[in-house]
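Quick notes on the structure that follows.
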Ligand code: NDP
């Protein structure tokens, strides 16, 4: 009997610039191998002027989908056929999925964050403080609000971006939101259930950087989350653990957004333990 041979792998990718330090391939391909999928996830440098061609190229070459990262998350929308609900609210896409020959834009960053959060607490009815108002804060703010958080405080250095995000949450989503300009050491309000660093403070190589936050005002009842994936053990993560808080590090969000992306592309539910272990190996 002749075995049927297939040399054509299914393709997925990350498009971005810079892209060489993006570790997503390691965890996604670990999942493909673990689940016996003959799929690849390619890390591809695409500059802003080439994005349209890259998206068209991926379509004609039969890619099943791709992630897009800095600087493409907003611009890519111009080249897609439709958007999921939260991507449309955020105005940003980080995961593109082929559905019936069309490119549909999703945002899995905030959803990945909320999956991590749910492992420790249900966001419904919770009071949440978010530091930052960039892409990550926007994705997290929208998904935490969709998950039922009752109050969201945005704390940000620049007022323009901070006010814009708090207005979006307050007006278009069921949460009450307010903005506090980050002009001095931030004292955590009593009753804060979840505190999230969604700024880039602490990202490699700024290992010593610290949020301007009164750590004495942090109590063990607050769940603390940091989006920084590299290194996962930031000063905030260490300080919060020292205070006895339950903590989510940036690998939690990264793995869970990857889980959702793989589910969109392949239809299987990948094992997050395998994906996290692959990342821990490279960040060791
Ligand atoms: P943006 O550039 O869109 O936003 C950066 C945010 O950080 C802004 O709110 C900015 O404030 C704030 N910020 C930066 N430096 C400082 C500083 N020194 N003091 C005070 N505030 C500061 O970036 P993103 O939102 O896209 O990404 C933020 C972080 O999230 C990155 O480190 C990225 O690695 C991480 N991330 C992690 C993911 C994961 O899966 N774990 C997924 C996506 C992102 P201002 O508005 O005043 O400039």
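Numbering (my numbering), first residue to last: 62 to 345. Where is the CB? At the ideal position from N, CA and C, for every residue including glycine. All figures in this text were calculated on a predicted structure; none of them were measured in a lab.
Nearer than 7 angstroms: is that true of the beta carbon of residue i relative to any heavy atom of the ligand NDP?
i, result
"residue 218", "yes"
"residue 243", "yes"
"residue 269", "no"
"residue 274", "no"
"residue 256", "no"
"residue 288", "yes"
"residue 222", "yes"
"residue 88", "no"
"residue 295", "no"
"residue 262", "yes"
"residue 148", "no"
"residue 78", "no"
"residue 181", "no"
"residue 362", "Any question about residue 362 goes unanswered here, given that the chain covers just 62 to 345."
"residue 259", "yes"
"residue 152", "no"
"residue 75", "no"
"residue 163", "no"
Alpha carbons only, please: which of the options is nearest the one belonging to residue i?
i, options, result
"residue 79", "70, 275, 109 and 336", "109"
"residue 218", "208, 194 and 211", "194"
"residue 203", "236, 221 and 177", "236"
"residue 293", "311, 207 and 279", "311"
"residue 153", "230, 320, 134 and 159", "134"
"residue 161", "343, 342, 325 and 228", "325"
"residue 345", "291, 196, 83 and 322", "291"
"residue 192", "216, 174 and 200", "216"
"residue 313", "141, 180 and 143", "180"
"residue 187", "211, 138, 198 and 240", "211"
"residue 301", "338, 335, 319 and 255", "255"
"residue 240", "189, 268 and 299", "189"
"residue 8", "159, 229 and 264", "Outside the shown range of the chain, which is 62 to 345, sits residue 8, and nothing can be said about it."
"residue 329", "279, 260, 92 and 118", "92"
"residue 308", "321, 284, 331 and 165", "284"
"residue 277", "299, 270, 315 and 249", "249"
"residue 342", "274, 71, 74 and 87", "87"
"residue 106", "262, 263 and 77", "77"
For residue i, name the three-state secondary structure that DSSP assigns.
i, result
"residue 191", "strand"
"residue 160", "strand"
"residue 344", "helix"
"residue 143", "strand"
"residue 288", "coil"
"residue 178", "helix"
"residue 138", "helix"
"residue 277", "helix"
"residue 250", "coil"
Under 8 angstroms between C-beta atoms, does residue i make it to chain B?
i, result
"residue 182", "Judged by its chain identifiers, the structure shown contains no chain B, having just a single protein chain."
Let me confirm a value: residue i is counted as buried when at least 16 other C-beta atoms fall within 10 Å, else exposed. Which label applies?
i, result
"residue 66", "exposed"
"residue 417", "This structure leaves residue 417 out entirely; the chain is present only between 62 and 345."
"residue 172", "buried"
"residue 147", "buried"
"residue 167", "buried"
"residue 266", "exposed"
"residue 288", "buried"
"residue 94", "exposed"
"residue 112", "buried"
"residue 170", "buried"
"residue 68", "exposed"
In the DSSP assignment, find the alpha helix (DSSP H) that holds residue i and state where it starts and stops.
i, result
"residue 231", "220-233"
"residue 317", "311-327"
"residue 203", "196-207"
"residue 90", "85-95"
"residue 112", "112-121"
"residue 297", "296-303"
How far does the beta strand (DSSP E) with residue i in it extend, from its first residue to its last?
i, result
"residue 106", "100-106"
"residue 217", "212-217"
"residue 76", "71-77"
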